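Colleague: This is the structure, below, for whatever I ask next.
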Amino acid sequence: ADYRFCIYSLKIPPPPPPPDLILFSIHCPHLNPLRHLDGFTPLHRACWGPLLKHTETVVALLAAGVDPEQRTEDGKLPLEITTNSATAKVLQAALRSKANANSKPEL
Numbered sequence: 002a003d004y005r006f007c008i009y010s011l012k013i014p015p016p017p018p019p020p021d022l023i024l025f026s027i028h029c030p031h032l033n034p035l036r037h038l039d040g041f042t043p044l045h046r047a048c049w050g051p052l053l054k055h056t057e058t059v060v061a062l063l064a065a066g067v068d069p070e071q072r073t074e075d076g077k078l079p080l081e082i083t084t085n086s087a088t089a090k091v092l093q094a095a096l097r098s099k100a101n102a103n104s105k106p107e108l
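Following this line, the structure appears as structure tokens:
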């Protein structure tokens, strides 16, 4: 089977897989679904890319519930490894949203 197909070519969205499996199932179906051999999660791998399709993949992963604070095996956050300004903005918004959701109102 050819696992190099692009998720963006699908016209009808498939049933939702677990969030971390979206990119993993495309690139590495035989390995651990939560972390690639290079220590990156699918979110990190998407953040690494410079193209619009990479930012769109980050948006899809975050919308599916992937934690924007996942760390690589050497401790890096997705925001720390991206050089894509659009992806960085998406990650910053996700981190702000998570921080706001986790904050408790003072009584």
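The numbering of the sequence shown is the working numbering, which starts it at 2 and goes up by one.
The beta carbon of each residue, even a glycine, is placed where N, CA and C say it ideally should be.
Predicted, not measured: the structure shown is a model, and the values here were computed from it.
1. Compute the beta-carbon to beta-carbon distance between Gly50 and Asn85, rounded to the nearest angstrom, for a pair I have assumed lies under 8 Å.
2. Go through its chain and collect everything with a Cβ distance to Pro79's Cβ below 7 Å, but skip five positions before and after it.
3. Please decide whether Ser98 counts as near chain B, where near means a Cβ-Cβ distance under 7 Å.
4. Using C-beta distances below 7 Å, list every residue in its chain close to Thr73, excluding the 5 sequence neighbours before and after it, in chain order.
5. Keeping to the same chain, check which residues put their C-beta closer than 7 Å to that of Thr88; ignore five residues upstream and five downstream.
6. Is Leu63 closer than 7 Å to Ala95 when the C-beta atoms are compared?
7. Please list, in chain order, all residues of the same chain as Ile82 whose beta carbon is under 7 Å from its beta carbon, the five residues on each side excluded.
8. Sort Arg36, Lys90 and Lys99 by Cα distance to Leu53 and report the nearest one.
Modeller: Answer, in terms of the structure:
1. Residue mapping note: residue 50 aligns to position 49 of the sequence shown, counting from 1. Residue mapping note: residue 85 aligns to position 84 of the sequence shown, counting from 1. With a beta-carbon spacing of about 7 Å, Gly50 and Asn85 fall inside the 8 Å limit used to define contacts.
2. Here residue 79 corresponds to residue number 78 of the sequence shown, with the count starting at 1. Only Leu44, His45, Cys48, Pro69, Gln71 and Leu92 meet the Cβ criterion.
3. In the displayed structure, chain B is absent; only one protein chain is listed.
4. Here residue 73 corresponds to residue number 72 of the sequence shown, with the count starting at 1. Answer for Thr73: Gly40, Phe41 and His45, listed in chain order.
5. Here the question's residue 88 lines up with position 87 in the sequence shown. Same-chain partners within the cutoff: Cys48, His55, Thr56 and Val59.
6. In the sequence shown, counting from the first residue as 1, residue 95 sits at position 94. In the sequence shown, counting from the first residue as 1, residue 63 sits at position 62. Yes, the pair counts as a contact, with Cβ atoms nearer than the cut-off.
7. Residue numbering aside, residue 82 sits at position 81 when the sequence shown is read from its first letter. Cβ within range, chain order: His45, Cys48 and Trp49.
8. Taking the first residue of the sequence shown as 1, we reach residue 53 at position 52. Of the candidates Arg36, Lys90 and Lys99, Lys90 places its Cα closest to the Cα of Leu53.
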